[in-house]
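Contents: one structure, followed by commentary.
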Amino acid sequence: MTLKIIVAEKADAGRRIAYFLSDGKQKAKKGKGLNYIEFKKGDDDYALVSLSGHVVELDFPKEMNDWSSVDLNDLIFAKIDKNLKNRTVGNTLLDFGGKDSEFIIATDYDREGELIGTEALELAGIARNSPSNRVRRAKFSTLTREEIETAFDNLIGVDYDLADSAGAREEVDLIWGAVLTRFFSVSTKRLGKDFLSVGRVQTPTLALIVDRENEITNFKQETFWKIVITFSKGGHFQGVYEKGQLFDKDEADSVFAAVNGQSGETKSFEKSVQRISKPPPFNTTEFLREASRIGINPARAMAIAESLYVKGYISYPRTDNTVYQRSISLTGVLKKLQKGEFREEVEKVLAQDSIRPSRGRMEATDHPPIYPVAVPKAADLKGDFHKVYELVVRRFLATLYRDGAREVRKASILVSGHSFNSEGSKIIDEGWLSLYPYRKVSESYHPDLMEGEKVKAVKWEMVEDHTKPPPRYDAASLLKLMETLRLGTKSTRHDIIQKLQDRGFIQGNPVRPTHLGIGFIQAIKLINSPISKPEMTARLEEDMDRITRKEVSKQEVVNESRDMLTNVLNDFISNRQRIVEVINSSAKKGDTVGTCPEHGTDLIILKNRDSAKIKCTTDGCRIDFYVPANALIKLEEKKCPECSLPLIRIIRKGQAPETKCINPACKFNTKNATLGTCPVDGGDLVIRQSRSGKRFLACSNYPKCTQTYSLPQMGFISSTGEKCQFCGAPLLVSARKGYRWKFCPKIDCDYNKRKNEPRKEEKVKS
0 MTLKIIVAEK
10 ADAGRRIAYF
20 LSDGKQKAKK
30 GKGLNYIEFK
40 KGDDDYALVS
50 LSGHVVELDF
60 PKEMNDWSSV
70 DLNDLIFAKI
80 DKNLKNRTVG
90 NTLLDFGGKD
100 SEFIIATDYD
110 REGELIGTEA
120 LELAGIARNS
130 PSNRVRRAKF
140 STLTREEIET
150 AFDNLIGVDY
160 DLADSAGARE
170 EVDLIWGAVL
180 TRFFSVSTKR
190 LGKDFLSVGR
200 VQTPTLALIV
210 DRENEITNFK
220 QETFWKIVIT
230 FSKGGHFQGV
240 YEKGQLFDKD
250 EADSVFAAVN
260 GQSGETKSFE
270 KSVQRISKPP
280 PFNTTEFLRE
290 ASRIGINPAR
300 AMAIAESLYV
310 KGYISYPRTD
320 NTVYQRSISL
330 TGVLKKLQKG
340 EFREEVEKVL
350 AQDSIRPSRG
360 RMEATDHPPI
370 YPVAVPKAAD
380 LKGDFHKVYE
390 LVVRRFLATL
400 YRDGAREVRK
410 ASILVSGHSF
420 NSEGSKIIDE
430 GWLSLYPYRK
440 VSESYHPDLM
450 EGEKVKAVKW
460 EMVEDHTKPP
470 PRYDAASLLK
480 LMETLRLGTK
490 STRHDIIQKL
500 QDRGFIQGNP
510 VRPTHLGIGF
520 IQAIKLINSP
530 ISKPEMTARL
540 EEDMDRITRK
550 EVSKQEVVNE
560 SRDMLTNVLN
570 DFISNRQRIV
580 EVINSSAKKG
590 DTVGTCPEHG
600 TDLIILKNRD
610 SAKIKCTTDG
620 CRIDFYVPAN
630 ALIKLEEKKC
640 PECSLPLIRI
650 IRKGQAPETK
660 CINPACKFNT
670 KNATLGTCPV
680 DGGDLVIRQS
690 RSGKRFLACS
700 NYPKCTQTYS
710 LPQMGFISST
720 GEKCQFCGAP
730 LLVSARKGYR
740 WKFCPKIDCD
750 YNKRKNEPRK
760 EEKVKS
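Right, here's the structure in full:
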């Protein structure tokens, strides 16, 4: 009897697949260097091997690892090795590949998933030209029993061309990233953790952000005037002079003088009903944009969405599709959701005479749009996980409900021969807006008018204003622009933005480039290099599609890219000195945070990837101190009472602001950070911050004493002055959102486990 081997992409997904196919009768097998799940289905024996993403990673041979000595032109054409990441998985695949077995690839159905699946087949020794009945693929978009069983009943062939397109991108990204990162890092002497990262998609994305910043910096403000009249009929409404912005002050004065103190007469009036179209279903980009608007950055939103998918709560979150396939039972999904917390909203959708989903512009066949497929148990999802799930549910319901409608009134009112336009609207049917609170439609009062009707004016204003530069990109608009320019893929765009942030090129949201980011792009544009232009990256994306369509081979695309990189590198080498000067000069600049009290010169903050310091621009000044790199730093007006240096305010997301002396070693900081006495050696217990920004309680006698305690990451922490009766640690109070909790910092302490004592006095409204 033939053994059937299933290859899953992740352990959690593998366990769900095995559970559904075996009716919960699977068994984990581990030993002799092998690790898999076995079960029976009908008369067939199955073994499921779970990977952890890619089982192999690409790298150059060890002799090419020395950044300083290896010739970069040699690196471009160096052989690329495939290194096994997980020996146990490799042994398991090889063992099953040598038996009389059939393989079923059950990785995510996309380019990356197909590549991961074919990597596993290669490790198992299964050749591409193996009989088609020995290698099959299960295609599914949700990890639900129904879809998994259907997928395994309708297996398809493995798409090696799709895998090759992903493999080509992987090799090209490795070569370009390694060669250019080494060139810039070695040239500028920024090595170790401060290396200068360069990427095929990362760099043109950074260029977009820098270009926008340059537009803002170089923007020349112009003054204009708007003439606004407030009219009254059953309420107040405003009319704006029909020319809008007046850049000629004399003209504005003339018009205002003519209309000031005068009422008007209705020249025209129209009333109409406008449809408020329901939104299209979520593809990856639109999902990440909406998540960023509710305060969840794209990288975290995608990680949460992947977790919800693996747990079987939503469909596959990496998709370009914005049209629900006919095969999806929308009513069936609604009836499932009817059993959860959104029952009332679901019943509004089901109560319609018919359900007609909205459609977006992109229709694909690989995966459906993102939609909910199951209801989690009560309290199973908390915090951001619940927010993301609710966002997906509400978007799904919004796409199935009726359009909204608003009534719009427009009028042209003649005042002393000058026309003023007024407009107002009110929602007459909320429709889908009642289910989707993330989208607001503005309303404003406007009365019904009749042509020739006199309209009383009660206020006349000539408002001075200024033209404004274009806005910085926020995560939502940057994702959309990257999609439009074909920078990256639906699976990688959020990671690119996060990498630019992590590597010190951009900061904040809306995003703005750091001095390092600006200097880096300036250096690249110094020689008009194509690596900062999206066209070069978009071309590779087109090549990926051509590989999938069998129009070109993977090797042809990789070789063409190598030739292109050779020309790019030689341009950089020829201009090395100019490039280094521009980058290093920019990297030395910092953001001004205040004025030095001793010299009257600027105090600037300089940031590297993992560190930051405030220093005076006057050489030799004693103000040159490290400060937290993962926080917003503001200079206080007061001076430190201990040493007279400036005080700084440290602001971290979710935590109460801290006021500290600019000198980390000052006694002021020790006094204010102390929350009690260490029960181990009697030292002071003070609040510390890890590199990632997590706060904890530690003994001031470190490293002699290594006593530490975890702390809540949100809210304000203070001491009660009491000691815990069970462990001797200081009892603390956490205050957040108007409530105060008294607790022992030793998490497993009996003080925190008390069940019989009343606790209300420790959770009171402040």
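In terms of numbering that gives the first Met the number 0, the sequence shown opens at residue 0 and continues consecutively.
Heads up, the beta-carbon is just placed ideally off N, CA and C, and yes, glycines get one too.
Short Cβ contact (8 Å threshold) for residue i with residue j
i	j	result
residue 17	residue 4	no
residue 556	residue 546	yes
residue 199	residue 404	no
residue 58	residue 73	no
residue 704	residue 680	yes
residue 51	residue 13	no
residue 193	residue 558	no
residue 356	residue 324	no
residue 232	residue 454	yes
residue 38	residue 24	yes
residue 91	residue 34	yes
residue 312	residue 388	yes
residue 745	residue 708	yes
Close-in-space but distant-in-sequence residues of the same chain around residue i (CB under 6 Å, 5 per side omitted)
i	result
residue 370	314, 395
residue 497	298
residue 425	406, 442
7 Å Cβ shell around residue i - same chain, five flanking residues per side excluded
i	result
residue 439	none
residue 127	159
residue 598	615, 617, 620
residue 522	578, 581, 582
residue 187	195, 579, 582, 583
residue 189	195
residue 751	742, 743
residue 220	465, 466
Cβ-based neighbour list, residue i, same chain, cut-off 8 Å, excluding 5 preceding and 5 following
i	result
residue 717	674, 731, 732, 734
residue 450	265, 266, 267, 268
residue 567	179, 528, 529, 530
residue 610	625, 628
residue 622	595, 597, 602, 613, 614, 615, 644, 645, 661
Anticipated Cβ contact below 8 Å, residue i with residue j, distance rounded
i	j	result
residue 834	residue 208	Nothing can be reported for residue 834, as the shown portion of the chain is limited to 0 through 765.
residue 317	residue 490	5 Å
residue 105	residue 165	The Cβ separation is near 17 Å, so there is no contact.
residue 206	residue 520	5 Å
residue 564	residue 75	6 Å
residue 123	residue 95	6 Å
residue 120	residue 102	6 Å
Residue i CB to nearest heavy atom of the ligand MG below 7 Å
i	result
residue 377	The ligand MG is absent from the structure shown, which contains no ligands of any kind.
Buried or exposed (CB count within 10 angstroms, at least 16 for buried), residue i
i	result
residue 321	buried
residue 445	buried
residue 97	exposed
residue 668	buried
residue 762	Any reading at residue 762 needs caution, since the residue's pLDDT is 44, under 50, leaving its predicted position unreliable; the model's value is listed next. The residue in question, residue 762, is exposed, as its Cβ has fewer than 16 Cβ neighbours within 10 Å.
residue 690	exposed
residue 465	exposed
residue 1	exposed
For residue i, the first and last residue of its enclosing alpha helix (DSSP H)
i	result
residue 75	71 to 75
residue 419	Element bounds for residue 419: not the alpha helix (DSSP H) but the beta strand (DSSP E), 417 to 428.
residue 560	553 to 573
residue 590	Run containing residue 590: none in the alpha helix (DSSP H); it sits in the beta strand (DSSP E), 590 to 594.
residue 434	Where residue 434 is concerned, there is no enclosing alpha helix (DSSP H), given that its DSSP letter is neither H nor E.
residue 305	297 to 309
residue 184	159 to 187
residue 668	666 to 672
residue 465	Note, residue 465: premise wrong, no alpha helix (DSSP H); beta strand (DSSP E) at 453 to 465.
Run of the beta strand (DSSP E) containing residue i, from where it starts to where it stops
i	result
residue 645	645 to 650
residue 2	2 to 7
residue 688	683 to 688
residue 29	26 to 30
residue 100	100 to 105
residue 403	403 to 414
residue 254	Not the beta strand (DSSP E): residue 254 falls in the alpha helix (DSSP H), residues 248 to 258.
residue 235	235 to 240
residue 801	Since the displayed the chain opens at 0 and closes at 765, residue 801 lies outside it and no answer follows.
residue 517	Note, residue 517: premise wrong, no beta strand (DSSP E); alpha helix (DSSP H) at 514 to 525.
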